[in-house]
Amino acid sequence: MAKYRKLGRTSDQRKALLRNQVTNLMVHGKIRTTETKAKEVSKIAEGLIALAVREKDDYETVTVKVKVPQKDADGKRVKEVKDGKKVTVYTEQEKEIKKDNPARLHARRQMLKVFYPVKEVPKEAKGRKKNTKDVDLVAKMFDEIAPKYEGRNGGYTRIVKIGQRKGDAAMEVLLELV
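In this note's numbering, the protein residues as written are 133 to 310.
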């Protein structure tokens with residue numbers, strides 16, 4: 133018996149399709165797809181969520197010193213002349229950061245193998261490259277999704293049948309995070 137469905141595609145196409153659908157499921161919380169694709173995406177998504185739940189608190193908080201450029205009232209960097217060159221003025225600040233322990237770092241890298249990079253475009257400035265932001269999906273997994281499912285032992289996704297698609301009569305479903 134096969135371990136996975138081939139979905140009528142070559143391996144590289146299948147992997148790309150599944151990565152894309154898992155990424156969209158985590159970003160939007162639900163996707164609409166065929167039943168067989170949903171079952172495959174659900175397997176991958178459940179594994180990633182279980183990984184995030186297991187490793188969500190496996191970090192230590194470390195205080196580090198960082199150089200931050202000084203800025204004026206307009207938000208531009210303050211520069212001073214040293215040896216005939218303009219040099220940015222920096223101030224040192226202490227900042228607390230989360231340092232991943234080895235198991236959490238490995239989990240982070242496993243998730244990054246699956247997720248595609250996602251950009252978020254604000255609604256009011258749609259179509260403008262300037263206002264887009266990169267979404268850190270792995271941080272979202274650890275900070276938002278994992279705490280939601282902390283007391284749950286599996287069953288993080290739900291498949292709801294919608295009906296048959298008009299063109300090819302394939303069973304369409306709604307795959308959503310519970």
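Just so you know, even glycine gets a beta-carbon here, dropped at the ideal spot from N, CA and C.
In this text the structure is predicted, and so the values were computed from the model without any measurement.
Query raised in the report: Quick one: what does DSSP say aspartate 144 is sitting in, helix, strand or coil?
Result: Note: aspartate 144 maps to helix in three-state DSSP.
Query - Where the alpha helix (DSSP H) through glycine 216 begins and ends - result: Element bounds for glycine 216: n/a, residue is neither H nor E.
Query raised in the report: Enumerated in chain order, which unbroken segments of the alpha helix (DSSP H) with a length of 4 residues or greater are wholly contained in the segment 141-181?
Result: Counting only runs that start and end inside the segment 141-181, the alpha helix (DSSP H) elements of at least 4 residues fall at 143-160.
**Report entry** Cβ-Cβ distance between tyrosine 288 and glutamate 178 below 7 angstroms
**Finding:** Taking 7 angstroms as the Cβ cut-off, tyrosine 288 and glutamate 178 qualify as a contacting pair.
**Report entry** Three-state secondary structure assigned by DSSP to valine 185
**Finding:** DSSP places valine 185 in the helix class (H, G or I) of the three-state scheme.
Query raised in the report: Closest by CA to glutamine 202, which one among Lys171, Gln225, Asp190, Val185?
Result: Comparing Cα-Cα distances from glutamine 202 to each of Lys171, Gln225, Asp190, Val185, the minimum goes to Gln225.
Query raised in the report: Contact check, isoleucine 294 vs alanine 170 under 8 angstroms by CB: the rounded distance?
Result: Not quite, the Cβ-Cβ distance comes to about 11 angstroms (not below 8 angstroms), so this is no contact.
Query raised in the report: Just checking my contact of glutamine 255 with aspartate 266 at CB under 8 angstroms: how many whole Å lie between their CB atoms?
Result: The question names glutamine, but residue 255 is lysine in the sequence shown. Lysine 255 to aspartate 266, Cβ: 17 angstroms. No contact.
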